[in-house]
Amino acid sequence: MTPATDYPDRYDLACAMVKHGARLKLVHMETGIKLPTLRDIYIRLHKKPPPKGQPRQSLRRAFRNVRAYKEGVFFADCLRIAMDGCEPGNRALAILDAYVLYRHTLSGGVVNITTAWLVADRLQSGAIATAQCPHCKATILLNVRNVKIERCAVCKTAPDKNSKPMQRSDGNEYKTLS
Ligand SMILES: [Zn+2]
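According to the numbering used here, numbering within the sequence shown proceeds without interruption in unit steps and concludes at 171.
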């Protein structure tokens, strides 16, 4: 991850991320703003010190819960909308926009911004991918759970082993974790 140094105002970005509860290390990586400054911003916005500990790095753990997984799929859809036509330098802003859209649509959503950011990073690196359900066309998020075959969260359709491989949104073949 490279700091978004070309972001028009990285201080605003940092404040927005901190406001949504992003881990300060992640905010630092995205904005390049030093941790003590981010800590001050956190205390000013939340009236308490930031929680200790490392950002959660495992999507498998985060999406062990089915509800969290389904919301993660929804966030991936929000992200696709936000990323459409987004300039490369505004990637962080698009992720933030997607997260705000997710939070506004699903009040009481359980996916935190740090996990959402991880989804965006892993989608970009290709470690995870989205696919479209061959039956109902809903989005499926691949390789984020410990399942051999990821079924559609809406209609439970799984790709038939004997049928044509499921197509991912990027046009590549559907693959499951080995
Ligand atoms: Zn389906």
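The beta carbon of each residue, even a glycine, is placed where N, CA and C say it ideally should be.
All figures in this text were calculated on a predicted structure; none of them were measured in a lab.
Less than 8 Å separating the beta-carbons of residue i and residue j?
i, j, result
"L28", "L17", "yes"
"R32", "P44", "no"
"M76", "A87", "yes"
"Y95", "C126", "no"
"W110", "A15", "yes"
Distance, Cα to Cα, residue i vs residue j?
i, j, result
"H21", "L89", "15 Å"
"K189", "I121", "Shown here, the chain extends from -6 to 171; a query on residue 189 therefore has no answer."
"T30", "S118", "29 Å"
"T108", "V93", "14 Å"
"G25", "K149", "43 Å"
Taking the alpha carbon of residue i as the point to measure from, which residue in the options has its own alpha carbon closest?
i, options, result
"N139", "N58, T98, L72", "N58"
"L135", "G25, F56, R3, Y92", "F56"
"L38", "A69, D5, L52, E23", "D5"
"R115", "R53, A9, Y35, K41", "R53"
"V147", "F67, A113, M10, A9", "F67"
Using the beta-carbon count (16 or more within 10 Å), is residue i buried or exposed?
i, result
"I133", "buried"
"G65", "buried"
"C129", "exposed"
"D2", "exposed"
Less than 7 Å separating the Cβ of residue i from some heavy atom of ligand 1?
i, result
"V11", "no"
"A124", "no"
"T178", "For residue 178 there is no data in the structure shown, the boundaries of the chain being -6 and 171."
"C59", "It should be noted that the sequence gives Val, not Cys, for residue 59. No; taking the cut-off as 7 Å, the Cβ of V59 has no heavy atom of ligand 1 nearer than that."
"V66", "no"
"C145", "yes"
"T24", "no"
Kindly say whether residue i, judged by its beta-carbon, lies nearer than 8 Å to any beta-carbon of chain D.
i, result
"Y62", "Absence of chain D from the displayed structure is noted, only one protein chain being present."
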